[in-house]
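A quick write-up on the structure given underneath.
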Amino acid sequence: MSSLEYTPKNCWEVYASGKDIRDIENLAARYIAFLTRCKTERETVDYVCGALREAGFSSDTGTDKILLPLQGKAVLAARRGRQPLARGIHLIFAHTDSPRLDFKQHPLQEQSSVGQAKTHYYGGIRKYQWFARPLALHGVAVKDNGESVRIVLGEEAGEPVFTIADLLPHLAGKQMDQSLREAFDAEKMNIVLGHRPLFKEEAEPGKKRGKNGSGKESSKDDKDEMKSPIKANLLRILHERFGVVEEDLYSAELQAVPAGPALEVGLDASLIGGFGQDDRINVFLALEAMLQGLPEQAAHTQALAFFDKEEIGSEGSTGAKSRFFEYCVQDMLRRWEAETLFAEVMLSSRGISADVHAATDPDWPDLHEKLNAALLGYGPCFCKFTGSRGKYEANDAHPEYIAWLRGLLNRAGIPWQMAELGKVDQGGGGTVAMHFARYGMNIIDCGPAVLSMHSPFELTSKVDLYATSLAFREFLNAE
Ligand SMILES: [Zn+2]
3 MSSLEYTPKN CWEVYASGKD IRDIENLAAR YIAFLTRCKT ERETVDYVCG ALREAGFSSD
63 TGTDKILLPL QGKAVLAARR GRQPLARGIH LIFAHTDSPR LDFKQHPLQE QSSVGQAKTH
123 YYGGIRKYQW FARPLALHGV AVKDNGESVR IVLGEEAGEP VFTIADLLPH LAGKQMDQSL
183 REAFDAEKMN IVLGHRPLFK EEAEPGKKRG KNGSGKESSK DDKDEMKSPI KANLLRILHE
243 RFGVVEEDLY SAELQAVPAG PALEVGLDAS LIGGFGQDDR INVFLALEAM LQGLPEQAAH
303 TQALAFFDKE EIGSEGSTGA KSRFFEYCVQ DMLRRWEAET LFAEVMLSSR GISADVHAAT
363 DPDWPDLHEK LNAALLGYGP CFCKFTGSRG KYEANDAHPE YIAWLRGLLN RAGIPWQMAE
423 LGKVDQGGGG TVAMHFARYG MNIIDCGPAV LSMHSPFELT SKVDLYATSL AFREFLNAE
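Last residue of the sequence shown: number 481 in my numbering, and the count goes up by one each step with no gaps.
Structure (structure tokens):
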């Protein structure tokens with residue numbers, strides 16, 4: 003009877019050979035470097051474009067390897083296959099954004115002798131996780147002459163980091179009795195930027211400073227005269243370091259993200275911990291699949307499409323609900339195959355909505371339905387439907403397509419698992435799958451399982467990383 007029963011395979015057992023272990027470690031090292039470097043959608047798209055340009059991709063849609071970025075936050079890359087576009091494209095979609103804290107447009111304030119930046123959180127965060135930890139600033143400020151200034155601070159050794167101060171336990175009595183929702187007020191998520199005041203003679207360089215360079219003799223009265231001396235000092239530093247003035251912050255996108263590198267986790271170093279693995283793990287793996295180990299020309303045209311704004315509903319011109327994807331395919335059609343209809347391409351295309359899946363949490367197994375829950379180390383996880391409250395707003399992948407995919411992976415000996423997100427009515431979530439399903443293509447969610455999802459330090463398994471890279475390669479290359 004046992005052969006009739008399905009048993010999921012642990013990838014560590016499947017990939018136990020010396021060669022596989024070496025490949026797993028090599029891939030993990032490259033991924034850790036990528037994750038350390040790419041903490042915003044812009045940094046991610048920059049990395050992707052750099053790697054693809056090096057491999058000969060360009061914005062010339064008349065060639066066979068095209069690369070079309072949008073606003074530095076979304077990108078589509080395609081490589082022409084042997085068969086016409088009318089036979090469909092093999093597409094991998096993923097998202098470049100992650101939950102974090104954005105600076106407000108008027109960020110700077112000074113209160114109780116501390117200079118702070120006010121924030122507006124982006125995406126689904128658990129607010130308490132962002133207090134009392136080192137943060138780095140990443141982003142751009144665009145001047146009114148159009149010059150874009152890249153800002154990254156708090157990542158290199160010797161650079162200062164930033165933080166949000168948390169309430170001391172001695173004064174947290176009332177907060178302890180509140181619900182999580184009440185206890186952590188988004189308007190109190192203010193980032194400590196500094197606390198040294200600017201003295202008047204520093205603001206007016208012509209005027210002589212006092213002893214020790216501190217201006218202390220004459221400074222007290224001068225400081226009282228200045229309205230916000232700490233904020234003034236922050237502006238002085240921002241100007242010296244990045245050449246920006248306060249008004250430039252109104253046309254800026256500054257993000258506070260966890261400072262420091264992604265790391266190996268565990269005594270056996272079998273896990274990877276880092277910020278933004280949802281969904282940069284899939285951006286990285288899809289890119290790897292496109293660039294490593296594919297024949298010069300696969301059967302179908304292959305494309306990667308990476309979008310921003312997934313964490314806030316896929317809205318905006320760089321989100322998956324925009325027309326960008328459509329414009330890109332129309333462009334390819336015009337240059338490669340003018341007689342083929344857009345609808346014909348879409349209806350014969352196959353897609354993977356490459357997004358992470360919730361791994362069963364060893365401390366909260368009761369929130370998952372064991373039979374239909376993903377486990378770390380069991381390979382890429384297919385999710386037939388997402389949504390919530392009775393599959394509402396779900397892409398529900400067709401069984402014919404799932405059968406084709408599992409046949410593909412089974413023949414290649416790549417382990418995979420099938421799961422759904424938590425118990426029914428426990429919560430739920432969505433991905434970009436439904437936005438592309440509307441074109442008529444076959445599409446399903448698939449990606450590695452993640453522990454501590456949406457936290458500042460998400461965890462993935464090295465062996466899932468490896469198995470998923472093989473699965474994506476198999477998919478792009480399939481007949
Ligand atoms: Zn995601």
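Don't be surprised by glycine CBs; every beta carbon is placed ideally from N, CA and C. None of the values given here were measured: they were computed from a predicted structure.
beta-carbon Glu255 near ligand 1 non-hydrogen atom, thresh 7 Å: Your numbering for residue 255 matches position 253 in the sequence shown. For ligand 1, not one heavy atom lies less than 7 Å from the Cβ of Glu255.
Exposure of His302, with buried meaning 16 or more beta-carbon neighbours within 10 Å: Counting from 1 along the sequence shown, the entry for residue 302 is found at position 300. So His302 counts as buried.
Buried or exposed by the 16-neighbour rule on C-beta atoms within 10 Å, applied to Gly74: Residue numbering aside, residue 74 sits at position 72 when the sequence shown is read from its first letter. Result: buried.
Cβ pair Ala356, Asn284 closer than 8 Å: Taking the first residue of the sequence shown as position 1, residue 356 is located at position 354. Taking the first residue of the sequence shown as position 1, residue 284 is located at position 282. Cβ atoms of Ala356 and Asn284: closer than 8 Å.
Lys464 versus Tyr49 - alpha carbon distance: Translated into positions along the sequence shown, residue 464 becomes position 462. Translated into positions along the sequence shown, residue 49 becomes position 47. Approximately 21 Å, taken between the alpha carbons.
His140 beta carbon less than 8 Å from that of Thr42: The sequence position of residue 42 within the sequence shown is 40, counting from 1. The sequence position of residue 140 within the sequence shown is 138, counting from 1. The answer is yes: Cβ separation under 8 Å.
Cα-Cα separation, Asp104 to Ile34: The residue given as residue 104 occupies position 102 in the sequence shown. The residue given as residue 34 occupies position 32 in the sequence shown. Each residue's alpha carbon lies about 24 Å from the other.
Proximal residues to Ser216 (C-beta, below 6 Å), its chain only, five neighbours per side dropped: Counted from its first residue, the sequence shown places residue 216 at position 214. Because the pLDDT of Ser216 is 45, which lies under 50, any placement of that residue in the model is unreliable, and the number read from its coordinates should be weighed accordingly. Excluding positions up to five away in sequence, the list is empty.
DSSP beta-bridge partners of Arg81: On the sequence shown, residue 81 is found 79 positions in, with the first residue counted as 1. According to DSSP, which records beta bridges pairwise, Arg81 is partnered with Lys67, Gln304.
6 Å Cβ shell around Asp250 - same chain, five flanking residues per side excluded: One-based indexing of the sequence shown puts residue 250 at position 248. So the qualifying residues of the chain are Ala143, Lys145.
Unbroken alpha helix (DSSP H) run spanning Asn444, endpoints: The residue given as residue 444 occupies position 442 in the sequence shown. Where Asn444 is concerned, there is no enclosing alpha helix (DSSP H), although the beta strand (DSSP E) it sits in stretches over 444-449.
His92: CB within 7 Å of a non-hydrogen atom of ligand 1: Here residue 92 refers to the residue found at position 90 of the sequence shown. His92 Cβ: outside cutoff for every heavy atom of ligand 1.
CB contact flag (Leu87, Trp338, <8 Å): Position 85 of the sequence shown holds residue 87. Position 336 of the sequence shown holds residue 338. The answer is yes: Cβ separation under 8 Å.
Rounded C-alpha distance that separates Arg82 from Thr433: Stepping through the sequence shown from its first residue, residue 82 is reached at position 80. Stepping through the sequence shown from its first residue, residue 433 is reached at position 431. Roughly 27 Å separates the two Cα atoms.
Helix, strand or coil at Pro199 [DSSP, three-state]: The residue you call residue 199 lines up with position 197 of the sequence shown. Coil, per DSSP.
beta-carbon Glu395 near ligand 1 non-hydrogen atom, thresh 7 Å: Counting from one through the sequence shown, the residue named residue 395 turns up at place 393. Because no heavy atom of ligand 1 lies under 7 Å away, the Cβ of Glu395 does not count as near it: no.
Cutoff 7 Å; reference Leu293; Cβ partners in own chain excluding five residues on either side: Numbered from 1 along the sequence shown, position 291 holds the residue referred to as residue 293. Around Leu293: Ala53, Ala57.
Proximity to Phe201 [Cα-Cα], best of Gln111, Val358, Leu237: On the sequence shown, position 199 is the one that residue 201 refers to. Residue Leu237 is the option with its Cα nearest to Phe201.
Terminal residues of the alpha helix (DSSP H) in which Ala473 lies: Translated into positions along the sequence shown, residue 473 becomes position 471. Residues 464-479.
Expected contact under 8 Å - CB spacing of Cys383 and Ala451 to nearest Å: Numbered from its first residue, the sequence shown carries residue 383 at position 381. Numbered from its first residue, the sequence shown carries residue 451 at position 449. The pair is a contact, with the Cβ atoms about 5 Å apart (cut-off 8 Å).
Through-space distance from Met228 to Val163, alpha-carbon basis: For this step, residue 163 is matched to residue 161 along the sequence shown. For this step, residue 228 is matched to residue 226 along the sequence shown. Near 27 Å, if we compare the C-alpha coordinates of Met228 and Val163.
Local conformation of Gly212 per DSSP, three classes: As a first step, residue 212 is located in the sequence shown; it is residue number 210 there, counting from the start. The predicted model places Gly212 with a pLDDT of 45, which falls under 50 and marks its position as unreliable, so this point remains unresolved.
Chain-ordered residues, beta carbon under 5 Å from a heavy atom of ligand 1: Asp280, Asp281, Asp357
Contact check, Ile416 vs Gly379, beta carbons under 8 Å: Translated into the one-based positions of the sequence shown, residue 416 becomes position 414. Translated into the one-based positions of the sequence shown, residue 379 becomes position 377. Result no, Cβ atoms of Ile416 and Gly379 do not sit closer than 8 Å.
Test item: CB-CB of Leu461 and Val259 under 8 Å: What you label residue 461 is simply residue 459 of the sequence shown in a count that begins at 1. What you label residue 259 is simply residue 257 of the sequence shown in a count that begins at 1. No; because the gap between Cβ atoms is not below 8 Å, this pair is not in contact.
Reduced DSSP category for Gly172 - H, G, I as helix; E, B as strand; rest coil: Reading the sequence shown from its first residue, position 170 is the one you call residue 172. Contrary to the premise, residue 172 reads as His rather than Gly in this sequence. Note: His172 maps to helix in three-state DSSP.
Cβ-Cβ distance between Phe277 and Pro71 below 8 Å: Here residue 277 refers to the residue found at position 275 of the sequence shown. Here residue 71 refers to the residue found at position 69 of the sequence shown. No. Outside cutoff.
Alpha-carbon to alpha-carbon, Phe286 and Cys13: In the sequence shown, residue 13 corresponds to position 11, counting from 1. In the sequence shown, residue 286 corresponds to position 284, counting from 1. So the two alpha carbons sit approximately 20 Å from each other.
Whole-number beta carbon distance between Arg198 and Asn235, since they are thought to touch under 8 Å: Within the sequence shown, the letter at position 233 stands for residue 235. Within the sequence shown, the letter at position 196 stands for residue 198. Contact holds; Cβ gap of about 6 Å.
Those residues which DSSP pairs with Ala254 across a bridge: Within the sequence shown, residue 254 is the residue found at index 252, counting from 1. For Ala254, which the question treats as bridged, DSSP gives the partners Ala143.
Own chain partners of Leu410 with C-beta closer than 8 Å, once the 5 adjacent residues on each side are dropped: Taking the sequence shown and counting its residues from 1, the one referred to as residue 410 is at position 408. Result list for Leu410: Glu476, Phe477, Ala480, in chain order.
Outcome for Tyr17 when other beta-carbon atoms lying within 10 angstroms are tallied against a minimum of 16: Locating residue 17 in the sequence shown gives position 15, counting from the first residue. The residue is buried, with at least 16 neighbouring Cβ atoms inside 10 Å.
Extent of the continuous alpha helix (DSSP H) run through Tyr8: Locating residue 8 in the sequence shown gives position 6, counting from the first residue. Where Tyr8 is concerned, there is no enclosing alpha helix (DSSP H), given that its DSSP letter is neither H nor E.
Check: Pro109 C-beta below 7 Å from any heavy atom of ligand 2: Summarising the ligand content, the structure contains ligand 1 and does not contain ligand 2.
CB-CB length for Ile354 against Ile404, believed under 8 Å: Position 352 of the sequence shown, counted from the start, is the residue given in the question as residue 354. Position 402 of the sequence shown, counted from the start, is the residue given in the question as residue 404. So it is not a contact: roughly 12 Å between Cβ atoms.
Delimiting residues of the alpha helix (DSSP H) encompassing Val50: Counting from 1 along the sequence shown, the entry for residue 50 is found at position 48. Segment 43-56, the alpha helix (DSSP H) holding Val50.
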